[in-house]
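Residue numbers (our numbering), protein chains in the order written: chain A, 2 to 237; chain B, 2 to 237; chain C, 2 to 237; chain D, 2 to 237; chain E, 2 to 237; chain F, 2 to 237. As structure tokens, the structure follows; a few thoughts come after it.
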């Protein structure tokens with residue numbers, strides 16, 4: 002039995018439910034996926050500011066998971082908030098959905114286009130592509146300008162069109178969905194466009210599952226050793 | 002039932018058996034792994050020349066696999082020989098062990114060291130690290146100078162020492178094994194050094210398993226469409 | 002009158018006092034520097050975990066500053082924690098001490114060495130050098146392994162020796178101090194080694210002063226516009 | 002009293018006067034700015050050829066400055082001509098307007114567009130962006146095709162329109178003016194476009210002022226030590 | 002007498018004749034150029050698959066050349082197939098037409114556009130530009146969508162138009178022809194467009210001639226030493 | 002008859018004679034090489050300052066060459082001084098010895114080491130390696146600390162030892178000589194070390210000869226068009 006927690010870094014429980022559903026649909030027998038809603042932070046993450054304030058909730062969820070003996074974690078927001086800190090805090094592997102999606106996409110074609118939510122989040126996706134060494138593969142980042150919490154059946158058409166335009170514009174042959182809230186649209190967009198579409202929630206969950214199967218955990222030799230104990234002053 | 006073929010690009014069947022064993026040990030129920038020995042080419046791959054002559058055998062194996070309805074492929078040599086061509090030829094996903102190992106390692110620490118066989122193969126590993134965008138993670142490539150076909154229980158100590166020196170020299174916190182023939186040494190080296198050690202055979206097999214679980218295949222929109230039919234002149 | 006807040010992202014007031022003293026020593030007449038101690042978070046920042054938990058305190062300080070009409074901000078920790086989020090939240094310019102120090106150093110020689118505190122923080126400094134485009138200038142990152150809160154007159158000799166070794170090892174001709182707590186050692190190390198030594202606290206304060214003098218503020222056209230209002234759930 | 006010489010590398014005195022005026026408007030009390038017109042070289046710099054022939058005049062001005070006890074220098078042409086040589090020749094800091102402008106702009110947004118004069122000078126701006134590590138920030142270089150000596154009140158509209166198009170085309174949020182002759186247009190363009198516009202003359206002057214305030218000079222440890230004495234043959 | 006073999010990696014003899022003619026037209030007295038048609042492999046190379054299957058024929062040609070005392074080799078296909086392996090196998094220098102063309106073009110302008118045959122081959126050209134460090138010079142890769150074996154007098158107009166559009170689109174000032182089959186069009190396209198047009202066949206032949214004139218051969222110190230002898234299993 | 006001028010950017014005629022001798026030894030029948038000593042500037046180039054003051058002499062030589070109908074030029078100093086300006090001024094091709102040497106070396110092995118004269122010139126060689134895209138090939142830059150004008154038979158041993166150490170230290174398999182004054186040592190160093198040693202003077206001369214043979218000249222479409230006419234003020 003492998004326990005994987007898929008942490009939704011925002012506080013919107015409906016979104017966690019959707020994420021959990023997608024992740025559960027792909028894991029192997031013997032892998033138990035639990036969606037975890039962050040207890041503190043913003044209702045959705047659409048700015049660096051939101052992301053910064055979401056991180057403590059992610060770390061608190063990791064803490065709970067460690068006490069519960071969780072084997073691995075997914076951070077289910079395309080900004081991969083708190084990833085390095087989470088790796089220090091957890092014994093098992095931790096993977097962000099942006100890194101997992103981009104790596105999966107890199108196996109499937111010459112290059113991918115990322116389609117994210119608001120225009121203002123494009124820069125973060127570009128930074129992550131650079132940080133993960135995906136510059137050669139990431140041929141463009143695009144926005145559909147649907148806010149995270151408006152991603153639903155009605156907006157699927159808008160997202161699909163944004164994906165179609167991205168592929169044309171970039172001359173890419175794969176799409177990466179740039180928000181955990183788009184996970185459920187993955188198959189239908191792929192069918193409509195005729196190119197592979199990668200959702201990071203499933204990609205990251207399976208990557209964690211794979212690392213666990215190989216017995217691999219974050220190295221505790223250096224930078225990602227458990228953080229040194231500290232006095233923390235909490236706000237009033 | 003998912004059928005994954007793990008293709009050993011050299012013609013040494015004993016090596017295929019070891020590779021198959023390692024891959025089978027990690028897959029999920031429902032995944033069937035078959036080790037495939039290349040029918041044409043060199044007994045081991047230790048030069049660009051060997052690698053070039055191994056590729057037609059890899060492609061022939063892919064052809065057979067396509068007729069047999071195989072769902073995905075691993076190319077089990079750290080030079081990832083013939084990867085792009087194989088992606089054109091196959092419907093399902095194809096992953097090389099170098100790309101899979103480096104990507105897995107990138108989740109586990111600040112940076113990894115690659116330990117390969119002969120000194121003359123170091124350059125290929127460096128080229129691949131660049132090609133896959135892993136420069137930031139790959140802190141060094143090292144050789145243990147054990148020929149591929151001499152990798153066995155006796156040489157494990159030499160490989161282990163090369164890994165230890167690599168980690169010290171590079172200030173890295175993860176090791177990537179740079180030859181499919183080292184797959185079975187993975188756990189013991191990790192235990193001895195106290196850092197995660199990544200074997201590409203298992204990493205690639207699980208990555209293919211994951212892509213299949215997500216329903217993802219190589220994009221046929223552009224560069225990796227089936228190759229155009231051609232007249233081929235075969236040698237005398 | 003220009004009001005600049007130099008925010009110490011940790012909660013140790015003695016350190017803020019030292020930082021404030023250094024910044025005040027270099028500003029122009031008409032510039033008022035106020036050292037601000039973060040109200041929430043860790044006593045010192047020596048891990049990604051500490052840094053993540055320090056960011057909300059930085060943002061709370063920015064909020065207070067905005068209400069007080071502050072003209073610009075320095076984030077006085079070498080990890081530049083929360084920089085992008087702070088730029089969204091503030092009207093005036095915000096600069097981190099790592100970016101300011103590296104840029105200043107880039108004018109002074111062929112390349113600089115960074116000397117930071119604990120070995121585990123070296124990776125963050127490397128990431129920032131990449132993020133700011135300073136790879137060509139940053140010839141090495143080194144640690145003196147003195148914890149942040151132990152940086153005082155007694156440890157100056159250790160830091161100085163680490164700087165000397167860094168310069169030799171890297172063939173560099175400039176030193177960048179990798180912790181706000183080293184600010185007061187700047188002159189004496191420079192005198193002992195005979196090379197320019199850059200402290201980010203003063204560099205960033207003067208860079209903010211310069212941007213204010215030029216009437217320049219963070220662009221609100223796109224990514225760094227004020228963050229969209231959100232429901233935030235606060236922890237129990 | 003800090004003496005900063007702002008060297009105009011071309012021989013057009015009217016342009017020096019404009020540059021001096023802009024620089025004086027932003028410096029702190031105690032900083033004395035003197036505009037220096039190069040005594041030898043071309044009337045304006047619009048080619049690599051012009052730039053090459055302007056450098057001896059820049060170096061002669063540095064020589065005079067050293068005898069006069071000048072504390073720091075600005076090279077006020079967007080090609081930063083002779084920068085490395087000037088650093089060898091001067092004791093105090095020397096900064097080019099391209100490097101200063103790009104660094105200032107990097108603090109203000111996701112990315113900047115450079116607007117230069119003639120199309121043929123775009124390549125030099127791209128080279129400098131690479132050389133200074135500003136590739137991630139520099140999202141495009143554009144030309145307004147107004148010759149340097151025609152930059153005046155009448156041409157401001159053309160420059161403004163070029164800036165507007167650059168920002169649209171690049172999806173940038175900051176403008177960098179690519180010629181010292183545009184310095185006086187800075188504020189009005191910013192007001193019209195609603196984004197920060199950075200002029201390198203003021204940016205560089207303030208950067209030099211900052212380095213002087215911190216007591217920082219070019220490192221004389223290695224590459225930028227005083228040039229070895231030489232026999233120089235002068236032309237007939 | 003210097004013997005240079007220009008190897009056509011496909012099996013189409015008419016194409017070899019054209020290549021040989023172009024190469025002979027530019028060499029110095031004392032250089033003897035022989036066009037060699039590969040004995041095994043595809044009739045033309047328009048995919049990674051074709052390229053992979055062409056490499057053994059290239060290596061067989063090198064083997065024959067070594068026995069014949071050939072002084073140097075050109076690989077006359079823009080994918081530079083088998084280049085590293087050929088360098089191991091040959092004593093004299095081996096150069097690919099892509100590397101030679103890109104390097105020659107880098108001396109002639111700010112940046113070049115590559116015009117290749119089928120769209121699906123664009124990715125390979127991009128990979129090679131990266132591999133050879135030509136990113137700064139290569140401003141775009143374009144396809145004319147004429148199959149290799151249809152390149153003849155009739156298609157010259159299509160290729161010329163593709164070149165014209167490429168130069169406009171990329172703002173480049175040099176064209177690199179992306180197929181050995183375009184060699185004979187070089188002069189006429191240059192005359193029509195008024196920019197230098199580089200053909201790799203002549204560029205590579207002259208580069209090999211130059212290396213021979215300097216007495217330079219592939220280093221046998223490390224990676225490119227003669228490949229270790231191996232058992233090779235040949236197909237049935 | 003092709004006329005190539007090999008311009009020595011310093012004013013030391015004995016050095017020009019040596020350069021001319023090396024270049025003449027490798028060119029084809031029909032190529033006439035003339036060594037040209039710069040009429041103005043420093044006796045040797047060992048700093049950015051020297052280099053800057055050498056450029057006007059290079060450009061004056063180009064001017065004379067244009068009037069004399071010269072077909073192409075080599076700039077025979079490893080800093081490639083004035084290269085871009087010379088390309089604007091000349092009709093035929095112009096090549097620097099650093100770019101030619103590095104490109105030639107890139108065909109011969111995994112990577113090269115540069116051995117230059119004084120330590121202070123190493124940075125310039127690194128900058129050029131970056132500028133020409135040779136980072137992957139250039140594995141290190143080293144100094145022998147022999148001044149340019151002391152390079153003679155007696156110093157050959159010192160240079161040879163520096164080359165030997167460079168190759169060991171970098172794990173490289175090719176040497177690039179970093180000064181035109183080392184040209185005559187090329188063969189003997191190669192024989193002693195057993196690796197290819199590339200001299201830029203011969204490499205550049207043959208590259209120019211090749212471009213002329215192909216009918217290729219610097220593009221006059223954009224950046225390298227003839228410089229616009231200007232008023233030039235000459236010094237008193």
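Ideal Cβ placement from N, Cα and C applies to all residues, glycine included.
CB contact check: residue i to chain B, cutoff 8 Å
i	result
residue 111(A)	yes
residue 138(A)	yes
residue 56(E)	yes
Exposure label - residue i; buried when at least 16 CB within 10 Å
i	result
residue 218(C)	buried
residue 170(E)	exposed
residue 208(E)	buried
residue 33(C)	exposed
residue 174(A)	buried
residue 2(F)	exposed
Strand pairing of residue i, partner residues [DSSP]
i	result
residue 165(C)	Paired residue(s): none; residue 165(C) is not in a bridge.
residue 3(B)	32(B)
residue 139(A)	113(A)
residue 9(E)	38(E)
residue 80(B)	Residue 80(B) pairs with nothing; no bridge assigned.
residue 239(B)	Within the shown structure, residues of chain B are numbered from 2 to 237, placing residue 239(B) beyond reach of any answer.
residue 43(B)	233(E)
residue 178(F)	116(F)
Local conformation of residue i per DSSP, three classes
i	result
residue 233(E)	strand
residue 199(C)	strand
residue 131(A)	helix
residue 108(B)	coil
residue 93(D)	coil
residue 160(A)	helix
Same chain only: Cβ atoms within 7 Å of residue i, ignoring 5 sequence neighbours per side
i	result
residue 193(C)	161
residue 107(E)	135, 138
Test: residue i CB closer than 8 Å to a CB of chain E
i	result
residue 1(F)	Absent from the structure is residue 1(F), since the part of chain F shown begins at 2 and ends at 237.
residue 129(B)	no
residue 229(F)	no
Close-in-space but distant-in-sequence residues of the same chain around residue i (CB under 6 Å, 5 per side omitted)
i	result
residue 126(C)	115, 117, 142, 179
residue 73(E)	5, 93, 94, 209, 213
residue 66(B)	6
Contact with chain A by residue i, beta-carbon distance below 8 Å
i	result
residue 72(B)	no
residue 215(B)	yes
residue 124(E)	yes
Closer than 8 Å to chain D by CB, residue i
i	result
residue 48(F)	yes
Residue-chain proximity (residue i, chain F), Cβ-Cβ < 8 Å
i	result
residue 250(E)	Because chain E spans 2 through 237 in this model, residue 250(E) falls outside it and cannot be assessed.
Distance cut-off 7 Å: residue i Cβ against heavy atoms of the ligand ATP
i	result
residue 18(A)	Absence of the ligand ATP is noted for the structure shown, with no ligands found whatsoever.
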